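S.K.:
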Amino acid sequence: MTKKQTKQIFRILFIAASIGSLFFVPWILVRAWLTPLPDTVQEQANEAIKLGFDGIIVYVDQAGKEPAFYAAGWHNRKNKIPADPNALFKIASISKLYDAVAITKLVHDGQLSLDKTLANYFPELVGRIENAEEITLRMMVQHRSGIPNLTDSPNFWSNPPENSKEALELVLDLPADFEPDKKYRYSNTNYLLISELIEKVTDMSKFEYIRQEILHPLGLKNTFGSVHEVNIDDVMSGYYVGIEEDIKTSEYGSKLTSMIATAEDVGIFLRALNDGFLFDEGEQEIYSSIYVYEHTGLIPGYQSIAKYHTNIDTVVIQFTNTTNFDGYNWNLSEIIYNRIVKIVRSKRRA
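Numbering (my numbering), first residue to last: 7 to 356.
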């Protein structure tokens with residue numbers, strides 16, 4: 007074994023240790039990491055299925071080339087329907103990019119202020135959310151509010167709230183995780199409140215505002231607010247290791263319901279976000295001051311990665327439809343994603 011391979015194995019072991027699965031997880035991660043890099047993205051997608059994913063979709067948009075679509079495994083395991091690169095998929099927290107753009111546009115239009123507080127916008131939450139008078143909209147967008155993460159509540163995923171009101175009640179009257187703007191900690195509660203705020207100031211559903219201000223200008227017709235807006239058969243099935251049935255119809259509260267999109271729609275959005283085409287004059291400066299230009303998504307049955315790679319002017323979107331309790335599937339999906347980017351980069355240099 008070479009010194010380089012040894013270093014790689016120790017890196018994998020460190021990743022595995024972070025999710026508490028030292029005895030069972032590392033070797034599949036080692037295998038994924040050390041397997042010789044295949045020549046094509048399709049071969050890497052096929053390898054993902056051998057590593058335990060039920061299905062995978064990959065979209066690659068390289069500047070100067072037609073976008074490429076890849077898929078392997080199952081769209082629906084029970085019915086033996088092959089994975090479809092044009093299938094709809096639950097994009098989970100990738101939707102936060104759309105939310106941040108919506109906030110940017112409302113701030114630019116003067117309907118919101120990044121420096122106004124939670125107490126300004128939701129006075130009824132004073133005394134129910136600690137530091138409401140100090141937490142600004144900017145802090146919520148940036149996950150620097152200290153508001154506890156509602157999805158960390160006991161049994162959240164096994165016994166989900168019925169609606170946004172119930173979801174918010176999970177964190178009301180809890181102590182703050184930290185003082186406002188003192189730390190960063192990812193909290194879905196921030197974006198539940200942001201969703202409510204968008205609806206409050208626009209007098210329309212958050213998704214309708216996103217459709218009007220983001221999707222329509224980009225010509226995106228395959229992005230939706232939830233599975234209720236589409237033919238359910240068009241949505242890629244989601245699987246959880248140890249559970250046989252498809253879980254794509256599972257819901258987690260009305261404001262927590264995942265947006266649905268094709269990999270292509272996410273890719274078009276992401277390129278427009280990164281090259282500034284999405285913004286009116288003055289908006290990109292606001293956005294750059296508050297949020298990131300890439301994101302991942304994870305809910306039971308669905309994992310997604312959406313990134314723009316500046317050095318090769320390429321957008322790569324990856325969807326995988328299998329998750330597990332230990333979480334090693336997430337590490338595995340990242341390894342696969344990074345290998346796909348290496349393949350794309352090597353082809354570009356060839």
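We put the CB at the ideal spot given by N, CA and C, even for glycine.
Computed from a predicted structure; not experimentally measured.
1. Please state whether the Cβ-Cβ distance between N228 and T268 is less than 7 Å.
2. How many whole angstroms separate the CB atoms of F325 and I62, which I take to be in contact at a CB cut-off of 8 Å?
3. Can you grab the Cα-Cα spacing for the pair V132 / H81, in whole Å?
4. Going by DSSP, which residues form a beta bridge with W80?
5. From G357 to Y65, what does the alpha carbon distance come to, in whole angstroms?
6. Output the boundary residues of the alpha helix (DSSP H) element that contains Q48.
7. Can you say whether T46 is buried or exposed, counting buried as having 16 or more other CB atoms within 10 angstroms of its CB?
8. From D239, I34, P42, pick the residue whose C-alpha is nearest to that of I266; which is it?
9. Please identify the residue among N92, S310, E214 whose C-alpha is closest to the C-alpha of Y5.
10. Tell me whether the stretch 328-340 and the stretch 301-316 touch, counting them as touching only if at least three CB pairs, one residue from each stretch, are closer than 8 Å.
11. Measuring straight from C-alpha to C-alpha, what distance separates I18 and V36?
12. Using DSSP bridges, identify the partner residues of T316.
13. Using CA atoms only, rank isn't needed, just tell me which of G273, L226, G244, I253 is closest to T320.
14. Which residues bound the alpha helix (DSSP H) around T110?
15. Using a Cβ-Cβ cut-off of 7 Å (strictly less than) and excluding sequence neighbours within five positions of D90, which residues of its own chain qualify?
16. For L28, does the count of other Cβ atoms within 10 angstroms reach 16, so buried, or fall short, so exposed?
17. When the Cα atoms are used, what is the spatial distance from Q14 to R345?
18. Quick check: the stretch 105-120 against the stretch 207-215, are there 3 or more CB pairs under 8 Å?
19. Can you tell me which residues form a DSSP beta bridge with I63?
M.R.: Answer, in terms of the structure:
1. Yes, the pair counts as a contact, with Cβ atoms nearer than the cut-off.
2. Right, their Cβ atoms sit about 7 Å apart.
3. Going by the C-alpha atoms only, they are around 46 Å apart.
4. Its beta-bridge partners are P88.
5. The requested residue 357 does not occur in the structure, where the chain is confined to residues 7 to 356.
6. Element bounds for Q48: 47-56.
7. Classification of T46: exposed, given that the 10 Å Cβ count is below 16.
8. Checked all of D239, I34, P42; the closest Cα to I266 is D239.
9. Residue 5 is absent from the model: the chain starts at 7 and stops at 356.
10. The stretch 328-340 makes contact with the stretch 301-316, as at least three CB pairs between them are under 8 Å.
11. Low confidence applies here, because I18 scores a pLDDT of 42, under 50, leaving its location unreliable and the question unanswered by this model.
12. Bridge partners of T316: none, in fact.
13. Answer by Cα proximity: G273.
14. Note, T110: alpha helix (DSSP H), 101-114.
15. Hits under 7 Å: A77, H81.
16. Caution is warranted here: a pLDDT of 43 is assigned to L28, below 50, making its placement in the model unreliable, and no coordinate value can be reported.
17. Because the pLDDT at Q14 is just 45, under 50, the model does not fix this residue reliably, and the value given afterwards should be weighed accordingly. Approximately 14 Å between the Cα atoms of the pair.
18. Judged by Cβ distances under 8 Å, the stretch 105-120 makes contact with the stretch 207-215, as three or more pairs qualify.
19. Answer is A77, F325, bridged to I63.
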